[in-house]
Amino acid sequence: MSHEVLRRRCLLKDRDGHVVETPDQMYRRVAKTIAKIEGRYGTSEQLVQLLPEIFYKLMASGKFLPNSPTLMNAGRSEGLLSACFVLPVNDSIIEIFEAVRNTALIQKAGGGTGFAFDRLRPTGDRVASSGGTTSGPISFWRVIAETTNAIQQGAHRRGANMGMMDVGHPDILKFIHAKQDQMSFNNFNISVKIPDSFMSSLCENPEAPHMVTNPRTQQRYAIPRAVDLHTYCIQDLRPFDEHQSDCFTVFDIWEMIITNAHATGEPGVCYIDRVNEDNPTPALGTINATNPCGEQPLLDFEACNLGSMNVSKFMLPDMSDLNWQALGQSTEFAVRFLDDVIDANHWPIPEIRDVSLGNRKIGLGIMGFADTLVLLGIRYDSDGAVDFAKQLSGFIQEKAHQANRKLAQQRGCFPNWKGSIWDTERRIPMRNAACTTIAPTGSISIIANCSSGIEPIFKLAYKRRALDGAEFVQLHPLLERLGSERGWLNERIRAQLRSGIDLRNIGGVPQDLRETFVTAHEIAPEWHVRIQAAFQSNVDNAVSKTVNLPTDATVEDVDRIFKLAYKARCKGNTVYRDNSRKNQVLSAVGAPDGITSSAPRPRPRVTVGQTSKFRMGCGTLFVTVNRDAEGICEVFANLGKAGGCPSQTEATCRTVSAALRSGVDPTVMIDQLRSIRCMSAAVAKKSNKGVDVLSCPDAIARAIEETLASKGTDLKSPFQRICEECGHPMRWEARCAVCDFCGYSNCG
Numbered sequence: 006m007s008h009e010v011l012r013r014r015c016l017l018k019d020r021d022g023h024v025v026e027t028p029d030q031m032y033r034r035v036a037k038t039i040a041k042i043e044g045r046y047g048t049s050e051q052l053v054q055l056l057p058e059i060f061y062k063l064m065a066s067g068k069f070l071p072n073s074p075t076l077m078n079a080g081r082s083e084g085l086l087s088a089c090f091v092l093p094v095n096d097s098i099i100e101i102f103e104a105v106r107n108t109a110l111i112q113k114a115g116g117g118t119g120f121a122f123d124r125l126r127p128t129g130d131r132v133a134s135s136g137g138t139t140s141g142p143i144s145f146w147r148v149i150a151e152t153t154n155a156i157q158q159g160a161h162r163r164g165a166n167m168g169m170m171d172v173g174h175p176d177i178l179k180f181i182h183a184k185q186d187q188m189s190f191n192n193f194n195i196s197v198k199i200p201d202s203f204m205s206s207l208c209e210n211p212e213a214p215h216m217v218t219n220p221r222t223q224q225r226y227a228i229p230r231a232v233d234l235h236t237y238c239i240q241d242l243r244p245f246d247e248h249q250s251d252c253f254t255v256f257d258i259w260e261m262i263i264t265n266a267h268a269t270g271e272p273g274v275c276y277i278d279r280v281n282e283d284n285p286t287p288a289l290g291t292i293n294a295t296n297p298c299g300e301q302p303l304l305d306f307e308a309c310n311l312g313s314m315n316v317s318k319f320m321l322p323d324m325s326d327l328n329w330q331a332l333g334q335s336t337e338f339a340v341r342f343l344d345d346v347i348d349a350n351h352w353p354i355p356e357i358r359d360v361s362l363g364n365r366k367i368g369l370g371i372m373g374f375a376d377t378l379v380l381l382g383i384r385y386d387s388d389g390a391v392d393f394a395k396q397l398s399g400f401i402q403e404k405a406h407q408a409n410r411k412l413a414q415q416r417g418c419f420p421n422w423k424g425s426i427w428d429t430e431r432r433i434p435m436r437n438a439a440c441t442t443i444a445p446t447g448s449i450s451i452i453a454n455c456s457s458g459i460e461p462i463f464k465l466a467y468k469r470r471a472l473d474g475a476e477f478v479q480l481h482p483l484l485e486r487l488g489s490e491r492g493w494l495n496e497r498i499r500a501q502l503r504s505g506i507d508l509r510n511i512g513g514v515p516q517d518l519r520e521t522f523v524t525a526h527e528i529a530p531e532w533h534v535r536i537q538a539a540f541q542s543n544v545d546n547a548v549s550k551t552v553n554l555p556t557d558a559t560v561e562d563v564d565r566i567f568k569l570a571y572k573a574r575c576k577g578n579t580v581y582r583d584n585s586r587k588n589q590v591l592s593a594v595g596a597p598d599g600i601t602s603s604a605p606r607p608r609p610r611v612t613v614g615q616t617s618k619f620r621m622g623c624g625t626l627f628v629t630v631n632r633d634a635e636g637i638c639e640v641f642a643n644l645g646k647a648g649g650c651p652s653q654t655e656a657t658c659r660t661v662s663a664a665l666r667s668g669v670d671p672t673v674m675i676d677q678l679r680s681i682r683c684m685s686a687a688v689a690k691k692s693n694k695g696v697d698v699l700s701c702p703d704a705i706a707r708a709i710e711e712t713l714a715s716k717g718t719d720l721k722s723p724f725q726r727i728c729e730e731c732g733h734p735m736r737w738e739a740r741c742a743v744c745d746f747c748g749y750s751n752c753g
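Per this note's numbering, the sequence shown starts with residue 6, numbered consecutively.
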């Protein structure tokens, strides 16, 4: 699988798309490109000669990997080496479309983007230049989303985004419900920014009216309960009064957040005051948004320059502990590598270049944490794991800061050091404004054959695709390794694991591994938060972490998790309830019971599909079934020259297409259309004429069924994100979509 990801994503190709380098050559290309920067800083000749080999060995051994854009693009003439950026969306039409332009340039180069939409004036607010009113933040957000849809990133992946809005913006209800139909803004993660004042009100006076503020005028309002959540405007709001009734309360807003998060996994929450408490350069402004996965809170125009240590590679030979000395030495070289990446980068726009070179932020994190716990004999859901997380993160933080201070002495502090917290509060010279983070490592953990970030092992057996296209079931790499080394993994056990039998119910598996090989859905939600908090206590930036919930988890569970994350001083949190994005067309808030609201998603300009030919009682029928990124989106049928009911067939196809784009399960359409009989088919059958189907609706049902079967995918889950590489369902991990089948990820 690691070779497949490298082949598709990172290895150089010729003009015809043929791979022209090996993984070993790729690591040498990257190492040589990054080490060249050392010549700028008066590094000793001896070290300049050694560093390409040191960087190469770090990567080739799987002990450290930079974010995948560095692997893809280092050494290319215009290669972008950073994964993601934050762009401002300011309140003028020129600045809004400047953000659209910058988004296009970044995503064309292969980067992801984060935005805060709360600087934009609310829907219906006055526009002085035209004398009219504004359509509001959601409409301009949609323009950015469509820009992302239109750009296929550097032939590697479609753009990932983060959208944020402060809970005190007048349009916050629209924002919270923007992804309710699960078909809008599918290239965005979204989070609500929640200040300490809101959380205090939630605890102390939850029935108080919720106050929102027009960012243009600073006038304060309350939102009446009678408004239509999707169409209200600023004129519908009331001047704020602490004693108002019939307006949405603080608890009402919180309930909307947790109810939607329970239903679809979004929005997440960002505790924005916690973020800005750790803003290393407050003199340059406040932090308003994060990167798409949430681990990098960034100023406007800042960039993610990320890399991760695979801590499972640093075990002592007897597996009794980590080799802390080796980990410390490698951490120092990893920090040096990431600092060099900043200078080697080809920045997409001048503003990003200037801010990134001024602050020189890096984000060194870890991967393989869950694997390391297994090797140490520690359960993920235990106090021992929390203690080890604190020890590990504290050690890497300390070594990263030591390396940073050393680089500052050799190369100088980051240019904006004066006035930063390193100057005014800590009096410490630093090369980089921030050093550490915890990223989801979607792609690079697959390349390194280890567990992702600090997430638990998701499952022990995965259906995957070989280079020749054949499907097979692969065991988690560490399980495979330990089974082979310790001699217990025979074909019987292997077959049972592949068939999905729980490890604890298989005879012959060592007891210690039964205890420690726990998967994400076996872990109580509170342990996810405790592990996240343990790492956050020793990280400069933030932690990307998903709390996995079982299907039967309740809204109250989400409420408890978000509050626990706040109490534990996490900077944000997100949940994903198993199956929550499957078969759901959510009732509109405020709609009568039993009435659902779901508009068909727009048809993209380009779709892909297949056409099936059927012999009918009245001739030949060609049925075309097309897909977009979300699944089947439309059906067309063309009758041969002898066909007899074109209008009815066209009506059926239009109805089916609208239903599918509105989220109706394709199998429901199959069940409704299959076996409908037509008189002409019955007559033809009696006359021994060859017919394939019973009617036009039956042919449409069979064509949809054939399309599902041809993808090798159970599409009974139309809202589950589909991998754009192979068409298989993806899973969510630390706000990152990952395909276990082919290894594709939209981050890392």
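Idealized CB from N, CA, C, for every residue including glycine.
Let's see if you can read the secondary structure: which residues bound the alpha helix (DSSP H) around residue i?
{"i": "residue 61", "result": "50–65"}
{"i": "residue 128", "result": "Looking at the DSSP string, residue 128 is not in any alpha helix (DSSP H), and its letter there is neither H nor E."}
{"i": "residue 571", "result": "560–572"}
{"i": "residue 377", "result": "374–381"}
{"i": "residue 644", "result": "Counting along the chain, residue 644 falls outside any alpha helix (DSSP H), though it belongs to the beta strand (DSSP E) covering 636–644."}
{"i": "residue 428", "result": "426–429"}
{"i": "residue 451", "result": "449–452"}
{"i": "residue 300", "result": "Premise fails: residue 300 is in no alpha helix (DSSP H) and is neither H nor E."}
Which class does residue i belong to by DSSP, given the choice of helix, strand or coil?
{"i": "residue 95", "result": "coil"}
{"i": "residue 139", "result": "coil"}
{"i": "residue 404", "result": "helix"}
{"i": "residue 555", "result": "coil"}
{"i": "residue 40", "result": "helix"}
{"i": "residue 31", "result": "helix"}
{"i": "residue 704", "result": "helix"}
{"i": "residue 74", "result": "helix"}
{"i": "residue 6", "result": "coil"}
{"i": "residue 465", "result": "coil"}
{"i": "residue 194", "result": "strand"}
{"i": "residue 423", "result": "coil"}
{"i": "residue 750", "result": "strand"}
{"i": "residue 609", "result": "coil"}
Hey, could you find the ends of the beta strand (DSSP E) residue i is sitting in?
{"i": "residue 71", "result": "69–71"}
{"i": "residue 209", "result": "Segment 201–209 is the alpha helix (DSSP H) holding residue 209; no beta strand (DSSP E) there."}
{"i": "residue 674", "result": "Taken as a continuous stretch (DSSP letters only), residue 674 belongs to no beta strand (DSSP E), being part of the alpha helix (DSSP H) at 671–678."}
{"i": "residue 479", "result": "476–480"}
{"i": "residue 631", "result": "624–633"}
{"i": "residue 615", "result": "613–621"}
{"i": "residue 737", "result": "736–738"}
{"i": "residue 171", "result": "166–171"}
Could you tell me the alpha carbon to alpha carbon distance between residue i and residue j, rounded to whole angstroms?
{"i": "residue 180", "j": "residue 491", "result": "53 Å"}
{"i": "residue 103", "j": "residue 355", "result": "13 Å"}
{"i": "residue 747", "j": "residue 335", "result": "30 Å"}
{"i": "residue 342", "j": "residue 264", "result": "43 Å"}
{"i": "residue 430", "j": "residue 281", "result": "15 Å"}
{"i": "residue 534", "j": "residue 525", "result": "13 Å"}
{"i": "residue 786", "j": "residue 18", "result": "Here the chain comprises residues numbered 6 to 753, so residue 786 is not present and cannot be evaluated."}
{"i": "residue 169", "j": "residue 119", "result": "8 Å"}
{"i": "residue 256", "j": "residue 380", "result": "44 Å"}
{"i": "residue 174", "j": "residue 278", "result": "16 Å"}
{"i": "residue 553", "j": "residue 580", "result": "6 Å"}
{"i": "residue 671", "j": "residue 186", "result": "17 Å"}
{"i": "residue 600", "j": "residue 189", "result": "Residue placement at residue 600 is flagged as unreliable, the pLDDT there being 37, under the threshold of 50; the coordinate-derived value follows with that caveat. So the alpha carbons of these two residues sit roughly 20 Å apart."}
{"i": "residue 113", "j": "residue 136", "result": "36 Å"}
{"i": "residue 447", "j": "residue 74", "result": "12 Å"}
{"i": "residue 418", "j": "residue 13", "result": "38 Å"}
Requested in this report: Ignoring anything shorter than 4 residues or poking outside the region 258–290, list the alpha helix (DSSP H) runs there in chain order.
Outcome: 277–282
Report task. Spell out a yes or no on whether the region 343–363 and the region 317–325 are touching, meaning 3 or more CB-CB pairs, one atom from each, closer than 8 Å. Result -> no
Query raised in the report: When the Cβ atoms of the region 536–554 are set against those of the region 451–467, are three or more pairs found closer than 8 Å?
Result: yes
Query raised in the report: Counting Cβ pairs closer than 8 Å, one from the region 404–417 and one from the region 431–445, do we hit at least three?
Result: yes
Requested in this report: Assess, as a yes-or-no matter, whether the region 124–139 is touched by the region 697–715 under the definition of 3 or more beta carbon pairs within less than 8 Å.
Outcome: no
Query raised in the report: Which runs of the alpha helix (DSSP H) fall wholly inside the region 291–355 and span at least 4 residues, in chain order?
Result: 329–349
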